[in-house]
Structure formats: C-alpha cells, structure tokens
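Chains as they are written, first to last, in the UniProt record's numbering: chain S, 1 to 147; chain Y, 1 to 147.
Backbone N, C-alpha and C define an ideal beta-carbon position, used for all residues, glycine too.
Here is the structure we will look at, set down as structure tokens.
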DNA sequence: GCTGAAACTAACCCGTA
DNA sequence: TACGGGTTAGTTTCAGC
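If you want it as structure tokens, here you go:
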C-alpha cells in the first residue's frame, strides 16, 4: 500500500471500467506492472469488487428511505438471523449495524408508498423487532473519495 | 427497459468488469447487441457509473460512523451550501438528505477516534448546524440487488 | 518488483437482414 | 433492432533487468 496503490484505487473508484493501459498511463507505470498491482489489490481484499451504480428511479424504485430498527433486548443472540433476513429483502440496499439507541439502519429503495408500508409491516412483524422509525430520503449522494 | 436490460443490470451490479462477450452469453444475446444495449443504459443514465468497492479498513480508515445532522431552522435557504461542504470532506462516503427530525445522515469512515472527534467538531462549528448525533457502525453490508 | 515486446483476446464498427 | 465478420485496440504472459 504505497502511493501508487492509492492512486490506482482513486482512479478505480472513479471509474472501475478504465482500461488497464489508460490506468497505467495515468499513474505513470508500465501496463504489465499496473495489471499485477491491481490484481494484488483485488486478491488482498483491498478492492472488494467492481459494481455498476444503477439509478433506482430509472428501474422503477423512485422512493428511498432510511429505516432505523430497534431489536428486542433479548434478541442479542439472534443478530445473525435478523441480518440474514434483511439481506434477502430486495428493497434493502445497505445494512448498517450500529451502536446506540437503534440496532440497524436500513437504506431501502421501493416502487412507492404501498411497497414501503408493506416493507415496514414485514419488519415490525418480526419477533425480534421492538420498533422502527422510517425517514424518507430526498436525495442521496455517494461521494467518489472512497480512499 | 425490458427483461434483457434488467438481466444486464443484475450482472453488471454483481460484476462491473465482466467482459462484453461473457455478459452477452449470460443473457443470451449477440456480443454486438449486448454492447449497444449496455452503452444505451449508460447514456440514458440508468447506469450512473462503474465503481471499485474499496475496503475502508484496508486503506487506514477502520472506524465508520453515521452522523445525523440537524440544521438551524433558518438555514433552509442555504441547504446547497452545507451539502457542498460535506461533499468536500474526505471522510464522508454517503450523504443522505432526509425528511424528519434530522436533515442529513452522513456515512463517514475515519482513521480513529481522534479523526472522528475532529470531524464532528468541524460539523458542529458550522453556523447552520444546530446539532449532531454520532452512532458507531459495527458493520456495513451493501447488498448486490441494486436492481 | 519493474519493464518492454510478443502472442493472444476482446472490443468495436459496419454491412446485412 | 439484432446479428456476424473483420479491423483495431487491450490484455496477458514471459524472459530480462
């Protein structure tokens, strides 16, 4: 993890589909060296993957919300179970497991208010859920400085 | 936006660096058709970009937090100013502009408790900020079903 | 570990249906 | 709008430094 690796990461966060040749030129190393370094970053787990960023609204999911979930106090030994549940819900995009008054923050994208109501009902219907608070998201910006 | 497009998106969300030939084969269309469709999705803004997912801990940012920010009630006409500020902070990874008791949720990654304290102090020092609440994030899962 | 060239592979553009 | 071939460009390997 030297300065060259950081430069590679910065460019790959901004554009994961940059060609190896272009990336090598931008950071000032040979193409073959660049390939080996990028592969190493991937294998070491520094880069966890490459993903397309899809606009939720463009695929029929214009409504986003953050749902904070408080679990029952006796559910501490079943955290994995609830985590597995929310991971399977198609609406859930991010699961933040937090310390504090709440236990989870769920970033969700749904088709409309009906789908949101159903989702919240599903969550509240789980035996380990003590309560939820839903906040609508007007806008979401993912910054490019992921390094 | 037919079923073929949805299939393309699903695969591109899972792996943005899949080759065009492999992607074409997976969804059962010719490579040239696949290329044209993917390009169209990009140009129509359905795909907003392709990004590497970097492990924050692997680049020296092992501490993550969600900071909820409440603005002064008279700051409503300066929302853009505060948004621009937080976008420039290197620690900030996601900015959620929400409805409810709070105005912003900031997902941040920092080097340690000192950096987090400094960040919160910076936010609280802004004239438009009425208060902040910081929750540590134990774990963050980004689900792959972005379509 | 970095480099540069050579062999291989994929991307891309165009004519056709 | 989808397909298939031919050209261009990029990836990948390898031996030398």
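If only uninterrupted beta strand (DSSP E) runs of at least 3 residues are considered, those enclosed by the UniProt domain "HTH asnC-type" (1–62) of chain Y are 47–54. The DSSP-derived three-state label of residue 83(Y) is helix.
Residues of chain S whose Cβ lies closer than 9 Å to the Cβ of residue 137(Y) are, in chain order, 96, 97, 98, 99, 105. Per DSSP, reduced to three states, the secondary structure at residue 77(Y) is helical. Relative to residue 93(Y), the option among 12(Y), 83(Y), 14(Y) whose CA is nearest is 83(Y). By the Cβ rule, the stretch 72–79 of chain Y does not count as touching the stretch 109–116 of chain Y, because fewer than three pairs are nearer than 8 Å.
Counting along the chain, the unbroken beta strand (DSSP E) around residue 134(Y) starts and ends at 129–142.
Within chain Y, no residue has its beta carbon less than 8 Å from that of residue 23(S); the closest one is some 11 Å off. Spatial neighbours of residue 38(S) in its own chain (CB-CB distance under 8 Å, excluding positions within 5 residues in sequence) are listed in chain order as 8, 12, 20, 23, 47.
Along the stretch 106–140 of chain Y, going in chain order, the ones with a CB nearer than 9 Å to a CB of chain S are 107, 109, 133, 134, 135, 136, 137, 138, 139, 140.
Contact with chain S is absent for residue 63(Y), since none of that chain's Cβ atoms lies less than 8 Å from the residue's Cβ.
Look at residue 65(Y) here: in three-state DSSP terms it is strand.
When secondary structure is reduced to three states using DSSP, residue 118(Y) falls in the helix class. For residue 107(Y), the enclosing beta strand (DSSP E) begins and ends at 104–110. Collapsing the DSSP output to three states places residue 123(S) in a helix. Here residue 96(S) is not near residue 67(Y), since their CB atoms are 8 Å or more apart. In this structure, 114(Y) is the residue among 6(Y), 114(Y), 36(Y), 88(Y) with its C-alpha nearest to the C-alpha of residue 64(Y).
Taking 8 Å as the CB threshold, residue 19(S) stays off the interface with chain Y.
At a C-beta separation below 7 Å, residue 12(S) has these neighbours in chain Y: 52. The beta carbon of residue 101(Y) sits closer than 6 Å to none of the beta carbons in its chain outside the five residues before and after it.
Within chain S, not a single residue places a beta-carbon under 9 Å from that of residue 70(Y); the smallest gap is close to 12 Å. Each of 54(S), 17(S), 119(S), 5(S) was checked against the Cα of residue 34(S), and the nearest Cα belongs to 5(S). For residue 53(Y) against residue 49(S), the beta-carbon gap comes to about 5 Å, under 8 Å, which counts as contact. Taking a beta-carbon distance threshold of 8 Å, residue 58(Y) counts as an interface residue toward chain S. 70(S) is the residue among 41(S), 70(S), 91(S) whose C-alpha sits nearest the C-alpha of residue 103(S).
Between residue 120(Y) and residue 134(Y), the C-beta spacing is below 8 Å.
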